[in-house]
Amino acid sequence: GDNSDEQMCRNHFQCINSDLVPVSSSCDGKFDCNDYSDECGNGCRNSQYNIFVSNINLAMSILFGVLSIIFNGVVIAKSFTDIAKSSTLMGKINKLMIVLISIGDGLMGLYLLVISAYDIHYSNRYCEKRFQWLSSLQCAMIGVVNTIASQLS
Numbered sequence: 003g004d005n006s007d008e009q010m011c012r013n014h015f016q017c018i019n020s021d022l023v024p025v026s027s028s029c030d031g032k033f034d035c036n037d038y039s040d041e042c043g044n045g046c047r048n049s050q051y052n053i054f055v056s057n058i059n060l061a062m063s064i065l066f067g068v069l070s071i072i073f074n075g076v077v078i079a080k081s082f083t084d085i086a087k088s089s090t091l092m093g094k095i096n097k098l099m100i101v102l103i104s105i106g107d108g109l110m111g112l113y114l115l116v117i118s119a120y121d122i123h124y125s126n127r128y129c130e131k132r133f134q135w136l137s138s139l140q141c142a143m144i145g146v147v148n149t150i151a152s153q154l155s
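Counting from 3, one number per residue, gives the positions in the sequence shown under the working numbering.
Structure below.
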């Protein structure tokens with residue numbers, strides 16, 4: 003039917019799109035409403051509205067991301083000049099390893115900045131957009147960057 007007989011009942015939760023789910027299914031960590039309102043509503047204490055739990059975490063991610071890219075860029079540039087100056091094969095290999103580690107750390111900085119940018123982009127809507135983000139090409143690509151960064155470091 004049209005669920006009109008359920009409008010006054012207290013044993014269900016009404017989704018924003020008017021679907022009805024048992025009240026016990028609301029805020030249980032599983033999305034039962036197609037619009038995610040059973041898990042992303044104001045009554046759910048465990049809802050994650052941003053990728054980062056706090057603005058301090060977001061600020062630290064941005065800070066470390068920027069510093070990582072800057073300082074590792076400096077290390078990479080200096081190491082390439084040191085490779086050219088090195089007279090032994092072992093010295094060249096040693097400096098090349100430093101370059102690889104710095105590339106990995108720089109990529110991790112890039113990862114932190116991209117995740118921070120998406121946290122700002124979703125601005126308090128991450129709960130509703132979580133599945134869209136997690137299944138996106140951008141999320142997959144930044145996951146690859148993170149994996150490469152971890153392996154190089």
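Every residue, glycine too, gets a C-beta built ideally from N, C-alpha and C.
Item, Value
"From N13, S56 and L109, residue whose alpha carbon lies closest to that of Q153", "L109"
"Nonlocal neighbours in the same chain, by C-beta distance under 6 Å from D107, ignoring five residues either side", "S70, N74 and S155"
"In DSSP terms, what Q153 is bridged to", "In the DSSP output, where bridge partners are listed per residue, Q153 has none listed."
"Bounding residues of the beta strand (DSSP E) (the contiguous stretch that carries F15)", "H14 to Q16"
"Segments assigned alpha helix (DSSP H), at least 4 residues, entirely inside the stretch 12–84", "39–42"
"CB of N59 within 7 Å of CB of Y128, strictly", "no"
"N-terminal and C-terminal residue of the alpha helix (DSSP H) that M137 is part of", "The amino acid occupying residue 137 in the given sequence is Ser; Met does not appear at that position. First-last for S137: undefined, no H or E at that position."
"Coil, strand or helix - S89 by DSSP", "coil"
"Distance CB(K97)-CB(S118) smaller than 7 Å", "no"
"Member of V23, I100 and C46 whose CA lies at the smallest distance from the CA of C11", "V23"
"Three-state class that DSSP yields for R127 in the structure shown", "coil"
"Inter-residue spacing [alpha-carbon to alpha-carbon] between C141 and S20", "31 Å"
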